[in-house]
Each structure stands twice: as C-alpha cells, then as structure tokens.
Amino acid sequence: SAIRTQKSRAREEKQDGYYQVSEIDLIVSTTQIPSNFKKEFYVCDNGTNTNDGIATFNFSSATADIKNIFPVNQQLKISYYISISEALSETNPITNISNYQNTDSPNQQIIYTRVDSTIDNECLGLGPHIVLNVDTIPTANPVIIAPQCDDDRDGFYHFDTSTIQNTLIGNQNNVAVTYLDKNGNILPSPLPNPFITSSQKITARVTNSLSQDPLGKCYDETTIDFVVNKTPSANLVSPQICLLYTSDAADE
Numbered sequence: 265s266a267i268r269t270q271k272s273r274a275r276e277e278k279q280d281g282y283y284q285v286s287e288i289d290l291i292v293s294t295t296q297i298p299s300n301f302k303k304e305f306y307v308c309d310n311g312t313n314t315n316d317g318i319a320t321f322n323f324s325s326a327t328a329d330i331k332n333i334f335p336v337n338q339q340l341k342i343s344y345y346i347s348i349s350e351a352l353s354e355t356n357p358i359t360n361i362s363n364y365q366n367t368d369s370p371n372q373q374i375i376y377t378r379v380d381s382t383i384d385n386e387c388l389g390l391g392p393h394i395v396l397n398v399d400t401i402p403t404a405n406p407v408i409i410a411p412q413c414d415d416d417r418d419g420f421y422h423f424d425t426s427t428i429q430n431t432l433i434g435n436q437n438n439v440a441v442t443y444l445d446k447n448g449n450i451l452p453s454p455l456p457n458p459f460i461t462s463s464q465k466i467t468a469r470v471t472n473s474l475s476q477d478p479l480g481k482c483y484d485e486t487t488i489d490f491v492v493n494k495t496p497s498a499n500l501v502s503p504q505i506c507l508l509y510t511s512d513a514a515d516e
C-alpha cells in the first residue's frame, strides 16, 4: 500500500441560515514492516580482546533497505534500539549505527527497529529486524620444531610433520589450515611427511570455516621455524713427536 492524501469538506449549518465549510486532510499511510524481514551482519571479533565476542559494526545500510519496503517519498523516521521496551517507549536510541559495539550482548545481538511517520507520528513498524553476529577468531597454536643437523651436508633435512596439524588446531572444530612458504607460496595442507626443506620460516594460518564476514573469513596465524644446522667438519691433525730431555740427560 502507499500513502494516500485526500481532501474532504465538512459543512456546518447554523440556525440563522448561514453555514461554514471546513476542509479536512485525510492521510492514510502504510502500516508495518513485514514480520519476516531480517537483516544480518557478520564481523570478525575485533578490538583489543579478539576472544570476547565483541566487535564494531556498521549496520547503517539497513536504513536504505527498510526505506525500500515503503512507498517512494514517504516521510519516515527510522530508529534503532537494543530492547523492545526501549523501542516502545522511544528511549535511548542507538545514535551511531556506523560504529556500534555489541557490548551488551557478546557474540550475537538483536537490534529492534522502529519506523514512524513524520507526518502523523504513526508507528509504521517495530520489531527485531536486525541481527549482529560476531564471528569467532580461531587460535593458531604455537608449533616448536627442534633444529636438526645436516648430516649429509646437502643443506636439507627430512622433518617429521606428523603432529604439526593437530598441534596447530588443538580441539577446535570447523577450521581449515593453510601453509605458506617463506616466499608466500601455498604449501600442501597437511604438510608432506617428511617435509624436505632447507632452513626456512613458514606461516601457518588457521581459518574459521563458518565465518561470514564480508571482508574475509576470520583467521589467526603463527610461524614455524625449520632450522637445518651445518654439520661441522673434523680436520685431520698430523701427529707430532715431542722429545723430553731431563736435566740428568743434559749433564751427561
């Protein structure tokens, strides 16, 4: 439906035969947002603590989406609240929807939307139409590889990588592991076993497979040092014969 404005006239007749005509504007506007309308936003856990379920959201794009539900040029006031009671009483509206933190509801928060007509102050819609979701950042657990000696002096070593993947992930679920060599090239995942390499530092990235942040899936990184030490050479030393002279022998 659309806003409709209609002019009506009312005639009031008086006892002396005179009458008065008044003009009345009748305004009919749309009545509500569809109950199934929902706008979801996803952001990786950010800030100083990236494991507290709190992130900074910009859900300002929801305003245009809500306006599109209503007829063009309808004069609307759209406001957002953290609770249904505040939306009903129109108290404590969220003032900065482009830089909002979900401090009152970690991990997920429902935002209540209220739409009012600026013409007749009628409430045209009110409900939990926005959902803020904080995507979890996984943890890339540290991996320590013991330095090895290059016994055959070819500059390479066959490293045992059988425990690296499990060490990185630990007990986390719905994660994927990516390895990058020192030049940024993608390595197989899991790493080959044995992993034949010279000394190099590779990057291991653990990614949340369920992340829906439009800027990219949430991840954490760590580095793994593969160190191949040169084996020292043992140089042969020519034997030397030392003659020991005693004082008695010198006197003879």
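Using our numbering, the letters of the sequence shown correspond one by one to residues 265 to 516. Backbone N, C-alpha and C fix where the C-beta goes; we use that ideal spot for every residue, glycine too.
Query, Result
"Should the region 412 to 422 be regarded as contacting the region 378 to 388, the criterion being three or more beta carbon pairs within less than 8 Å?", "no"
"Could you pull out every residue in the same chain whose Cβ sits closer than 6 Å to the Cβ of R378, ignoring the five residues on either side in sequence?", "S343, A351, L390"
"Three-state secondary structure (DSSP) at S349?", "helix"
"Grouping DSSP H, G and I as helix and E and B as strand, with all else coil, what is N430?", "helix"
"Going by CA-CA distance only, name the one from Y421, G311, I330, V491 that's closest to F321.", "G311"
"In its own chain, which residues sit with a C-beta less than 6 Å from the C-beta of R469, not counting the 5 before and 5 after it?", "T442, Y483, E485"
"Using 8 Å as the threshold, is the C-beta distance between S462 and F423 below it?", "no"
"Do you know offhand how far T269's Cα is from E354's?", "Residue placement at T269 cannot be trusted, given a pLDDT of 49 that sits under 50; what the coordinates show is reported in the next sentence. Near 27 Å, if we compare the C-alpha coordinates of E354 and T269."
"Does DSSP put T269 in a helix, in a strand, or in coil?", "Unreliable placement is indicated for T269, whose pLDDT of 49 sits below 50; no coordinate value is reported for it."
"My guess is that F524 and L396 are in contact by the Cβ rule of under 8 Å, so how many angstroms apart are they, rounded?", "The shown model of the chain, from 265 to 516, leaves out residue 524, and the question about it has no answer."
"Which residue or residues does DSSP assign as beta-bridge partners of T467?", "L444, T487"
"Helix, strand or coil: which one does DSSP assign to D329?", "helix"
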